[in-house]
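Numbering (UniProt numbering), first residue to last: 1 to 612. Each residue gets a CB set at the ideal place from its N, CA and C atoms; glycine is no exception. Notes for the one structure printed next.
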Ligand code: HGA
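What follows is the structure, encoded as structure tokens:
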């Protein structure tokens, strides 16, 4: 999604802004731009494509300034062109914006009637003109912005500068993430703190509705015109700067980081084969009360939720529903007393999931219904963590590749820890089962390491996908969501059309697609569904389909004509979906590299989907 970086300093901020934008590149974008104030002039440069193009233009023209705003755009309104790239300028005002102004057309009509000329098709440009217009009534840039924001419908984060206020930067957070980076004699803004780590590790996390005025030496935050205090938080120095190290792509690095990420995630909860006493301790009373679980998530996180549904119901007998957030938030679902609502999101900022959470909380409150809310995410400072009763962090470290890998497998580990916890609080988990699962959790990083040893075999198989246009992924039980996840990974980064199916559904439709051009990926752990899965494999082979099977080493499934097999080390049945995620990630990765796509920033996609 779009990124914002801005700064007000004594030194020139050009390099800081460009470096910040580079750090936001992983989120996906289509164009970039910046505006600097210099001698009461706005110096603006915008380019379609990579930040490197912008950096080149900026350095050729020696653009300097000690206050500026910059942006990577992921178009929602208007094509990815230079004219549509941010910052947008009106008179002496320059604006960058993340999010969507839903009532922009109405505002645009009004502004055009007043004589304002629009030079882009974006929704954002109305903000620049509105602030410019409001400055006819006041000399204060802050007041002008405060006048404008009540007129904007939708979700937005803004950075605004003005030539006649050459020492201040105004920022707004309303439904789209925005943090302030606190420096010494300089202050910054960004939509993601990662962008500001080279200049500070001290942050002010704005809340929805906050408007802030930054100068070099001061930060003032306002809500409805009143000054409010927002604490400065120091970030743990271990939040590492993102670099690819020895790996060609972030995605590959993140695939290989999974054993450690899972180990970290487990370590926060387990002491040997027991749960740590302090693990989610403050949630005990709520967990005791809950009668059912509703998971809300999008994309890969939704697949993690689907697997958790099997676990919640089979392991501890707690009914569990899972729903895509963009559907849940708009369908007025019945809010049921004593339900635990779990939001799963890598960033903790996913717009649809956050909106679904807020809607649920609002309706529960209005109707006096007792519910609990919980977040599973990878960012301790995220909005979801702040806005739910409880949270459980995946300790995966920053995930930069757009296609989620380690965030997904650590979400699964976290969900299993949560299920153990709820099972224990509600006395639904036998001691023997607790030991079986905790032992298997500790063993999981090693099984993943052993699975990663098959990388070369998987690379060899991936060459057979390069020319294909379609692909099916099949699995049963907890491996049905892994089939969906495998298909999602393949389409996201290799652009091959792929579908995931529950293998039992094959004969109800997708079998019609199978011919000798159709690769079919099978997930075959050694579980009670194995024999049924073998029958489904026969059905595919009988129609000429080519099988690519990730099979348990003890499954009895062997290589034969048009049946390629990679044997996966034996793994506890409950945790098998975590391990079987790895070969499908590697397969998608290698196919994408062979097809020459932009693996870490696939076309049209973005990390941390902060617009609806
Ligand atoms: N609506 C604006 C900004 C889009 C955005 O925030 N994307 O993540 C535009 O289209 O320029």
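- Shown here for residue 244: same chain residues with a beta carbon closer than 8 Å to its own, the five before and five after excluded, namely 250 and 253 in chain order.
- Here the alpha carbon of residue 43 sits roughly 44 Å from the alpha carbon of residue 261.
- Each residue's CA atom was taken as its position, placing residue 336 and residue 359 some 14 Å apart.
- For the pair residue 334 and residue 328, the Cα-to-Cα distance works out to about 10 Å.
- Here DSSP, grouped into helix, strand and coil, assigns residue 567 to strand.
- Cβ atoms of residue 527 and residue 576 come within 8 Å of each other, at about 7 Å.
- In the same chain as residue 288, and ignoring 5 residues on each side of it, the C-beta atoms closer than 6 Å to its own belong to 425, in chain order.
- Assignment of residue 529 by DSSP, reduced to helix, strand and coil, places it in the coil class.
- Inclusion of residue 4 and residue 157 in the CB contact set at 9 Å is warranted, their separation being smaller than that value.
- Membership of residue 485 in the alpha helix (DSSP H) is indicated by the continuous run 479-494.
- Taking non-hydrogen atoms of the ligand HGA into account, the C-beta of residue 298 is found less than 8 Å away from none of them.
- If only complete runs of 3 or more residues are kept, the UniProt domain "SIS" (283-428) shows the beta strand (DSSP E) at 292-297, 320-324, 339-345, 372-377 and 390-393, in order along the chain.
- At a Cβ-Cβ threshold of 9 Å, residue 569 and residue 553 count as neighbours.
- Judged by pairs of C-beta atoms under 8 Å, the stretch 287-304 touches the stretch 342-349, as three or more such pairs exist.
- With a cutoff of 8 Å, residue 129 does not count as near the ligand HGA, since its C-beta is closer than that to no heavy atom of the ligand.
- Taking residue 606 as the centre and dropping the five residues before and after it, the same chain places the C-beta of 1, 27, 28 and 74 closer than 6 Å to its C-beta, in chain order.
- For residue 3, the three-state secondary structure derived from DSSP is strand.
- Note that the C-beta distance between residue 93 and residue 189 is not below 9 Å.
- With respect to residue 199, residue 183 sits close: the two C-beta atoms are nearer than 9 Å.
- The ligand HGA has a heavy atom closer than 8 Å to the beta-carbon of residue 99.
- Take residue 165, set aside five residues on each side of it, and the residues of its chain with a beta-carbon closer than 6 Å to its own are 141, in chain order.
- For residue 584, the uninterrupted alpha helix (DSSP H) segment begins and ends at 576-595.
- Approximately 18 Å separates the beta-carbon atoms of residue 322 and residue 348; this is outside 8 Å, ruling out the contact.
- With a cutoff of 8 Å, residue 75 counts as near the ligand HGA, since its C-beta is closer than that to a heavy atom of the ligand.
- Annotation: residue 363 to residue 353 spans about 15 Å, alpha carbon to alpha carbon.
- In terms of side-chain proximity, the C-beta atom of residue 33 is found no nearer than 8 Å to any non-hydrogen atom of the ligand HGA.
- The ligand HGA approaches residue 176 closely enough that one of its heavy atoms is under 8 Å from the residue's Cβ.
- In the DSSP assignment, residue 59 falls within the unbroken alpha helix (DSSP H) covering 51-60.
- The closest heavy atom of the ligand HGA lies 8 Å or more from the beta carbon of residue 132.
- With fewer than 16 other CB atoms across the displayed protein chains lying within 10 angstroms of its CB, residue 117 is exposed.
- Membership of residue 138 in any beta strand (DSSP E) is not indicated, and neither H nor E is assigned to it by DSSP.
- For the ligand HGA, a non-hydrogen atom lies closer than 8 Å to the CB of residue 611.
- Separation of residue 611 and residue 539 (C-alpha to C-alpha, rounded to the nearest whole angstrom) is 42 Å.
- Straight-line measurement puts the Cα of residue 23 at about 17 Å from the Cα of residue 203.
- In this chain, the beta strand (DSSP E) harbouring residue 501 covers 497-502.
- By the Cβ-count criterion, residue 256 is buried, with 16 or more other Cβ atoms from all chains shown falling within 10 Å of its own Cβ.
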